[in-house]
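S.K.: Residue numbers (our numbering): 2 to 388. Backbone N, C-alpha and C fix where the C-beta goes; we use that ideal spot for every residue, glycine too.
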Ligand code: OSB
Ligand code: MG
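1. Put residue 252 into one of helix, strand or coil per three-state DSSP.
2. Any idea if residue 221 is buried or exposed, counting beta-carbon neighbours within 10 angstroms, 16 or more meaning buried?
3. Are the beta-carbon atoms belonging to residue 285 and residue 177 less than 9 Å from one another?
4. Considering only heavy atoms of the ligand MG, list every residue whose Cβ is less than 7 Å from one of them, following chain order.
5. Since residue 154 and residue 335 are thought to touch, with beta carbons under 8 Å apart, how far apart are those beta carbons, to the nearest angstrom?
6. Give me, in chain order, the residues of the same chain whose beta-carbon lies closer than 8 Å to that of residue 173; leave out the 5 immediate sequence neighbours on both sides.
7. Where residue 245 and residue 373 are concerned, what is the direct C-alpha to C-alpha distance, given to the nearest angstrom?
8. Please confirm whether any heavy atom of the ligand OSB lies closer than 8 Å to the CB of residue 47.
9. Check whether chain B comes within 9 Å of residue 274, counting only Cβ atoms and requiring the distance to be less than that.
10. May I ask you to report which of helix, strand or coil DSSP gives residue 336?
11. If you drop the 5 nearest sequence neighbours on each side, which residues of the same chain put their C-beta closer than 8 Å to that of residue 45?
12. Taking just the CA atoms, how far does residue 340 sit from residue 51?
13. Indicate the three-state DSSP secondary structure (helix, strand or coil) for residue 388 in the structure shown.
14. Just checking residue 42 against the ligand OSB - is the residue's beta carbon closer than 8 Å to any of the ligand's heavy atoms?
15. So the candidates are 236, 385, 249, 362; which of them puts its Cα closest to the Cα of residue 212?
16. Under 8 Å: do the stretch 343–363 and the stretch 136–156 share three or more Cβ pairs, one atom per stretch?
17. Provide the residue span of the beta strand (DSSP E) that contains residue 77, from first to last.
18. Assuming residue 366 and residue 65 form a contact by the criterion Cβ under 8 Å, report the distance between their Cβ atoms to the nearest whole angstrom.
19. Report the residue ranges of all beta strand (DSSP E) runs contained in full by the stretch 30–109; include only those spanning at least 3 residues, in chain order.
20. Just the C-alpha distance for residue 277 and residue 253, rounded to the nearest angstrom, thanks.
21. Does DSSP put residue 344 in a helix, in a strand, or in coil?
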């Protein structure tokens, strides 16, 4: 806060962020949202998205948040049941009864706990929602976003049949998505990309390997160069910055890191050693919107483009991603496809609409009409703690 003065345009923002909130109740619900179409990636098949909805109450007002970790420990070590467990056992007992002045305080309070970034985001995001309700200011305003619309791309799973794959791409391009991301593995990468490139030579195209390659696949990865992809997302393991740097030195296609970046410190080191040229920011993966904004600011100052990834969140989680993607440095279409396209059940009455690949950024989470009773009904596990 030092160095921000009254005539500074940031002053109002700073005031809005400082608002005492006594955490009087926290409720978590682990829910299951069946996918309309099962999704295959190198992480495996997913037919049901498990996610944790978080409620934080202060002064009679309730904020909603989401901890959308992956259902299995294949994306990162943290998975949905672990997220629920760590919230119940460690995080909620520690935050209950605490008075915070801004959502980022959650990051300090939970700072001594390693990892479990999605669980941290669950609590912090509910506090951000609470803050918008207490101050009457939009989340975009509170975090310093500059856009009222966000560009959206589509992530397409591994589809073995070429005709089916091509018709998927065709449908998504026709719907107006601004970029297509193909999920790949060492077994299918060249075939999938060449099939799509042959028919759709000029669409913005990228691939996401979800850590399925190793440095042994160096030549295969070099062969992908010929397709002029926008970027290759996370070819190697989350804990393998060194090999990413080795690869990036040998190819001109930008590498984008997803799983590897769980904090600002990770981003700083990855950039320092040249392990990537682009960063996918998911607020859950980095432990909250405050950390996400710090990574954005760090990258923006250095001319490193970032973009907003997704975890098949419900409309609640997608809302936070949309707001984050309004920050200035977000430079590629976001993985925030429509939730009513993904799920037949959602936790809100309404959701956002994508028109020509663009979403109008919502002014408030309340606009969607949160279905609190449905969340309780859908909960396969629920835990509540009051002061
Ligand atoms: O690697 O970006 C990923 C979904 C689940 C787990 C990992 C990833 C994804 C996606 C997100 O690609 C797609 C979306 O949320 O629409
Ligand atoms: Mg990814």
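M.R.: So, from the data block:
1. Translated into the one-based positions of the chain shown, residue 252 becomes position 251. When DSSP states are grouped into helix, strand and coil, residue 252 belongs to the coil group.
2. For the purposes of this step, residue 221 is taken as residue 220 along the chain shown, with counting starting at 1. Result: exposed.
3. Working through the chain shown from its first residue, we reach residue 285 at position 284. Working through the chain shown from its first residue, we reach residue 177 at position 176. For residue 285 and residue 177, no; Cβs fall outside 9 Å.
4. Matched residues: 209, 211, 234, 235, 259, 260, 281, 310.
5. Position 153 of the chain shown, counted from the first residue, corresponds to residue 154. Position 334 of the chain shown, counted from the first residue, corresponds to residue 335. Correct: roughly 7 Å between the Cβ atoms.
6. Here residue 173 refers to the residue found at position 172 of the chain shown. If you ignore the 5 residues before and after residue 173, its C-beta comes within less than 8 Å of the C-beta of 155, 157, 181, all in its own chain and listed in chain order.
7. Here the question's residue 245 lines up with position 244 in the chain shown. Here the question's residue 373 lines up with position 372 in the chain shown. Cα to Cα, residue 245 sits roughly 43 Å from residue 373.
8. What you label residue 47 is simply residue 46 of the chain shown in a count that begins at 1. Checking every heavy atom of the ligand OSB against the Cβ of residue 47, one is found closer than 8 Å.
9. Looking at the structure shown, chain B is missing, and only one protein chain is on hand.
10. For the purposes of this step, residue 336 is taken as the residue at position 335 of the chain shown. Reduced to three states, the DSSP call for residue 336 is coil.
11. Position 44 of the chain shown, counted from the first residue, corresponds to residue 45. Excluding five sequence positions before and after residue 45, the CB atoms of its chain that fall closer than 8 Å to its own CB belong to 73, 75, given in chain order.
12. On the chain shown, residue 51 is found 50 positions in, with the first residue counted as 1. On the chain shown, residue 340 is found 339 positions in, with the first residue counted as 1. The straight-line gap from Cα to Cα measures roughly 14 Å.
13. For the purposes of this step, residue 388 is identified with residue 387 of the chain shown, where counting begins at 1. In this structure, residue 388 counts as coil in the three-state DSSP scheme.
14. What you label residue 42 is simply residue 41 of the chain shown in a count that begins at 1. Result yes, Cβ under 8 Å from the ligand OSB.
15. For the purposes of this step, residue 212 is taken as the residue at position 211 of the chain shown. For residue 212, the closest C-alpha among the options 236, 385, 249, 362 is that of 236.
16. In this structure the stretch 343–363 lies against the stretch 136–156, because at least three pairs of beta carbons, one per stretch, are closer than 8 Å.
17. As a working note, residue 77 is residue 76 in the chain shown. DSSP places residue 77 outside any beta strand (DSSP E), giving it a letter other than H or E.
18. Your numbering for residue 366 matches position 365 in the chain shown. Your numbering for residue 65 matches position 64 in the chain shown. With a Cβ gap of about 6 Å, residue 366 and residue 65 count as contacting.
19. Qualifying beta strand (DSSP E) stretches, in chain order: 45–59, 62–68.
20. Mapped onto the chain shown, residue 277 falls at position 276. Mapped onto the chain shown, residue 253 falls at position 252. C-alpha separation (whole angstroms): 11 Å.
21. Start at 1 with the first residue of the chain shown, and residue 344 comes out as number 343. Looking at residue 344 - three-state DSSP - the assignment turns out to be strand.
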